[in-house]
Amino acid sequence: TDFPRLRCGIGNPEKMRNMVDFVLSRFDDDEIDKLNEMIGQAVEATFWFISDGILTAMNRFNKKVKSKDKTP
Numbered sequence: 122t123d124f125p126r127l128r129c130g131i132g133n134p135e136k137m138r139n140m141v142d143f144v145l146s147r148f149d150d151d152e153i154d155k156l157n158e159m160i161g162q163a164v165e166a167t168f169w170f171i172s173d174g175i176l177t178a179m180n181r182f183n184k185k186v187k188s189k190d191k192t193p
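If you count the sequence shown from 1, you need to add 121 to reach our numbering.
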């Protein structure tokens, strides 16, 4: 149970009771765009992990992404 893993996610449901429906629902067009970008980043992170180790990969990729949807 103690092994490196790559976790990916897009958004979260508004209410916890909708978690199952949220997780099992189809991606909308905006989420598809995010998913395609995330897959590319996951591939790059995997290469960094293999070539330079987990700490280097984690330092490079474990960053909070600012939402573009929020307005000031």
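Where is the CB? At the ideal position from N, CA and C, for every residue including glycine.
| Asked | Found |
| --- | --- |
| Between the alpha carbons of Ile171 and Thr177, how many angstroms are there, rounded? | 10 Å |
| Going along the chain, which residues of its own chain have a beta-carbon closer than 8 Å to the beta-carbon of Asp142, five neighbours each way excluded? | Pro134 |
| Going by alpha carbons, who is nearest to Asp147 out of Gln162, Ile131, Asn183? | Inspection of the sequence shows that residue 147 is occupied by Arg rather than by Asp. Measuring from the Cα of Arg147, the nearest candidate turns out to be Ile131. |
| Quick check: what's the CA-CA separation for Asp154 versus Glu165? | 17 Å |
| Where do the ends of the alpha helix (DSSP H) carrying Leu156 lie? | 150-173 |
| Determine the DSSP secondary structure at Asn139, reduced to helix, strand or coil. | helix |
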